[in-house]
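Colleague: Residue numbers (the numbering used here): 1484 to 1714.
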């Protein structure tokens, strides 16, 4: 007579709550014959691992998208929806590296609002915020899609212009000064809002900080000229 004994297999299938088991029949002379369910168990385990891998891949993709979105938002000015100073300085550093390698040309236009304090003092900060949003929208609308617009601080803005020389950038700066002076906002008209734009070319042997300092000086030189009546 053949005897029947189930022996538990000591390998636990991954993600299974029970043991795999081997059914063995012991015959005469110690010889064995039998069958096993291990193949089915392994197939179930493999399917489970594939499903888990797919789930983890989806979660990693979603996490990467959230991180990218947070990094992008960290470089955007919440009020005006253009680049903030951090984002612009990072873009400026990348641009300087590109210019050094490929001998490309770019110009920085640095723009400061005139009599903006009178807007805030006479009409309140909500009116001032509306003016800043309108200025950012004007800059974005009237420069090229390849140019980078930023609000650097307070009422200071910048435009990074690619494939342009100083004369072209100065002409664009004067055009933007005129458009800002013509903003159709009661607070802006009442305060006599204006703008002054300075221009400097990007040079590969200068740092981003040096470029910004030079543009700031050019802007104040333009402001003095405007104050003396030159348009």
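C-beta: ideal position from N, C-alpha, C; glycine also. Note that the structure is predicted; figures quoted are calculated from it, not measured.
Return the Cβ separation of residue 1678 and residue 1663 in integer angstroms, given the expectation that the two are a contact with Cβ distance under 8 Å.
Modeller: As a first step, residue 1678 is located in the chain shown; it is residue number 195 there, counting from the start. As a first step, residue 1663 is located in the chain shown; it is residue number 180 there, counting from the start. Residue 1678 to residue 1663, Cβ: 4 Å. Contact.
Colleague: Quick one: measure Cβ to Cβ for residue 1685 and residue 1591, integer angstroms, because I've assumed they're closer than 8 Å.
Modeller: The residue labelled residue 1685 in the question sits at position 202 within the chain shown. The residue labelled residue 1591 in the question sits at position 108 within the chain shown. Confirmed, Cβ separation roughly 6 Å.
Colleague: Tell me which same chain residues have a C-beta within less than 7 Å of the C-beta of residue 1583, skipping the five on either side of it?
Modeller: Position 100 of the chain shown, counted from the first residue, corresponds to residue 1583. Hits under 7 Å: 1687.
Colleague: Rounded to whole angstroms, what's the CA-CA distance from residue 1707 to residue 1673? Just pull it up for me.
Modeller: In the chain shown, counting from the first residue as 1, residue 1707 sits at position 224. In the chain shown, counting from the first residue as 1, residue 1673 sits at position 190. One C-alpha to the other measures close to 22 Å.
Colleague: Does DSSP put residue 1683 in a helix, a strand or coil?
Modeller: For this step, residue 1683 is matched to residue 200 along the chain shown. If DSSP states are grouped into helix, strand and coil, residue 1683 belongs with the strands.
Colleague: Spatial neighbours of residue 1559 within its chain, please: C-beta separation below 8 Å, excluding the five flanking residues on both sides.
Modeller: Locating residue 1559 in the chain shown gives position 76, where the first residue counts as 1. Within the same chain, residue 1559 has close Cβ partners 1565, 1566, 1567 and 1570.
Colleague: Out of curiosity, what's the CA-to-CA distance linking residue 1576 and residue 1532?
Modeller: Within the chain shown, numbered from 1, the residue matching residue 1576 stands at position 93. Within the chain shown, numbered from 1, the residue matching residue 1532 stands at position 49. Cα to Cα, the separation comes out at about 45 Å.
Colleague: Tell me, please, which residues DSSP counts as bridged to residue 1637.
Modeller: The residue labelled residue 1637 in the question sits at position 154 within the chain shown. Paired residue(s): none; residue 1637 is not in a bridge.
Colleague: Please determine if the segment 1614 to 1631 and the segment 1639 to 1655 are in contact, where contact requires at least 3 C-beta pairs separated by less than 8 Å.
Modeller: With a cut-off of 8 Å, the segment 1639 to 1655 and the segment 1614 to 1631 count as touching, because enough Cβ pairs lie within range.
Colleague: Out of 1541, 1655, 1705 and 1573, state which residue places its alpha-carbon closest to the alpha-carbon of residue 1681.
Modeller: Against the chain shown, residue 1681 aligns to sequence position 198. Measuring from the Cα of residue 1681, the nearest candidate turns out to be 1705.
Colleague: Tell me which residues share the same chain as residue 1710 and place their Cβ nearer than 8 Å to its Cβ, disregarding the 5 neighbours each side in the sequence.
Modeller: To locate residue 1710, count along the chain shown from 1; it is residue 227. Cβ neighbours of residue 1710 beyond the five flanking positions: none.
Colleague: In the segment 1577 to 1664, which residue ranges form an unbroken beta strand (DSSP E) of at least 3 residues, counting only runs that do not cross its ends?
Modeller: Listed in chain order, they are 1589 to 1597, 1631 to 1636 and 1639 to 1645.
Colleague: Measuring only the C-alpha atoms, how far is residue 1670 from residue 1616?
Modeller: For the purposes of this step, residue 1670 is identified with residue 187 of the chain shown, where counting begins at 1. For the purposes of this step, residue 1616 is identified with residue 133 of the chain shown, where counting begins at 1. The straight-line gap from Cα to Cα measures roughly 13 Å.
Colleague: According to the neighbour-count rule (16 or more other Cβ atoms, all chains shown, within 10 Å of its Cβ), is residue 1647 buried or exposed?
Modeller: On the chain shown, position 164 is the one that residue 1647 refers to. Buried is the call here.
Colleague: Is it buried or exposed, residue 1595, if we count other Cβ atoms within 10 angstroms and call 16 or more buried?
Modeller: By one-based count along the chain shown, residue 1595 stands at place 112. Buried is the call here.
Colleague: Would you grab the beta carbon distance between residue 1625 and residue 1659 for me? Rounded to a whole angstrom, and I think it's under 8 Å.
Modeller: Taking the chain shown and counting its residues from 1, the one referred to as residue 1625 is at position 142. Taking the chain shown and counting its residues from 1, the one referred to as residue 1659 is at position 176. At roughly 6 Å, the Cβ-Cβ gap stays under 8 Å, so residue 1625 and residue 1659 are in contact.
Colleague: Check whether the Cβ atoms of residue 1645 and residue 1601 sit closer than 7 Å, and answer yes or no.
Modeller: As a first step, residue 1645 is located in the chain shown; it is residue number 162 there, counting from the start. As a first step, residue 1601 is located in the chain shown; it is residue number 118 there, counting from the start. Contact: no.
Colleague: Among 1655, 1657 and 1635, which has the Cα closest to the Cα of residue 1696?
Modeller: On the chain shown, residue 1696 is found 213 positions in, with the first residue counted as 1. Checked all of 1655, 1657 and 1635; the closest Cα to residue 1696 is 1635.
Colleague: Reducing DSSP to helix, strand and coil, say where residue 1678 ends up.
Modeller: Taking the chain shown and counting its residues from 1, the one referred to as residue 1678 is at position 195. In the structure shown, residue 1678 sits in a strand (DSSP, three-state: E or B).
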